[in-house]
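Trainee: Residue numbers (UniProt numbering), protein chains in the order written: chain A, 1 to 120; chain B, 1 to 120.
Just so it is clear, CB atoms sit at the ideal spot from N, CA and C, and this is done for glycine as well.
There are 2 protein chains.
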Amino acid sequence: MSFDPASLKYDDRGLIPAIAQDAQTGEVLMMAWMNAQAVTRTLETGKVTYWSRSRQAFWIKGETSGHVQELVDFRVDCDRDCLLVRINQTGPACHTNRRSCFYTAVRDGEEVELMTPMSD
Amino acid sequence: MSFDPASLKYDDRGLIPAIAQDAQTGEVLMMAWMNAQAVTRTLETGKVTYWSRSRQAFWIKGETSGHVQELVDFRVDCDRDCLLVRINQTGPACHTNRRSCFYTAVRDGEEVELMTPMSD
Chain A
1 MSFDPASLKY DDRGLIPAIA QDAQTGEVLM MAWMNAQAVT RTLETGKVTY WSRSRQAFWI
61 KGETSGHVQE LVDFRVDCDR DCLLVRINQT GPACHTNRRS CFYTAVRDGE EVELMTPMSD
Chain B
1 MSFDPASLKY DDRGLIPAIA QDAQTGEVLM MAWMNAQAVT RTLETGKVTY WSRSRQAFWI
61 KGETSGHVQE LVDFRVDCDR DCLLVRINQT GPACHTNRRS CFYTAVRDGE EVELMTPMSD
């Protein structure tokens, strides 16, 4: 079946969550949002492109930082309301310079930092 | 630092997305939503508990199906507006009886089904 970005279920802002996963290691790196056109651009260019809610603009991941996400595989969930992009990540995915945004664990009621920022 | 569920950023419905990842294989299994009390219950019981938007009720994953999610590690992202739960999944995570909800890939413009339902 041919894929139509309009067939996805977007929220009332026209957005769908997209989980970015390292295609090599399986590590979950970040979650951000796409609109229908960001989905189209991601598939057409192979460069993962989100919609920035704060800037209200397309966000080609890594365009300014160089920390690009090359699309390896694009997946849709059963309800068509969440995406999983399997990627090759250059450098850190997180704006704090850590490899993943999920660097804080909650263990025995305490927050534990699992990763330090990467050096350039 | 002591963890306070109220310190997370919830959306205007009081919800935060939670990504469930197989702690053994790294496979991303599903994404669902929690409210503050679901976060508390998940941490207290070790059984991953979501908030069902359709039923407007707590949803202890697997309570009726037996396909429970045992919490292994609970992670918070840099913006505190997304969660990652690393889990031991019994049986399929998806209501279609597939291991993961992300069983559809988009490749060369076509939808490709990657997994078949598990047998009981």
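Let's see if you can read the secondary structure: which residues bound the beta strand (DSSP E) around A/R86?
Mentor: Where A/R86 is concerned, the enclosing beta strand (DSSP E) stretches over L83 to Q89.
Trainee: Should B/A19 be flagged as near chain A, meaning a C-beta pair shorter than 8 Å?
Mentor: First, the amino acid is wrong: residue 19 of chain B is Ile here, not Ala. Yes, B/I19 counts as interfacial toward chain A.
Trainee: Using 8 Å as the limit for Cβ to Cβ distance, is B/R75 near chain A?
Mentor: So yes, B/R75 belongs to the interface.
Trainee: What residues in its chain sit with their C-beta under 7 Å from that of residue 154 of chain A, if we drop five residues either side in the sequence?
Mentor: There is simply no residue 154 of chain A to check, as chain A begins at 1 and stops at 120 in what is shown.
Trainee: Is it right to say B/K61 is buried, meaning 16 or more other beta carbons lie within 10 angstroms of its own, or is it exposed?
Mentor: It counts as buried.
Trainee: Is there at least one Cβ from chain A nearer than 8 Å to B/E111's Cβ?
Mentor: Chain A, which has a Cβ nearer than 8 Å to the Cβ of B/E111, makes this yes.
Trainee: With C-beta atoms as the reference, is A/A38 less than 8 Å away from A/F58?
Mentor: In contact: A/A38 and A/F58 (Cβ atoms closer than 8 Å).
Trainee: What residue from A/L29, A/K47, A/E70 and A/D77 has the CA that sits closest to A/A93's CA?
Mentor: That would be A/L29, whose Cα lies nearest to the Cα of A/A93.
Trainee: Taking the C-alpha atoms as reference points, what is the distance between B/A36 and B/W51?
Mentor: When rounded, the distance between both Cα atoms is 9 Å.
Trainee: Name the chain B residues that come within less than 7 Å of A/A105, Cβ to Cβ?
Mentor: Here the neighbours are D73, F74 and R75.
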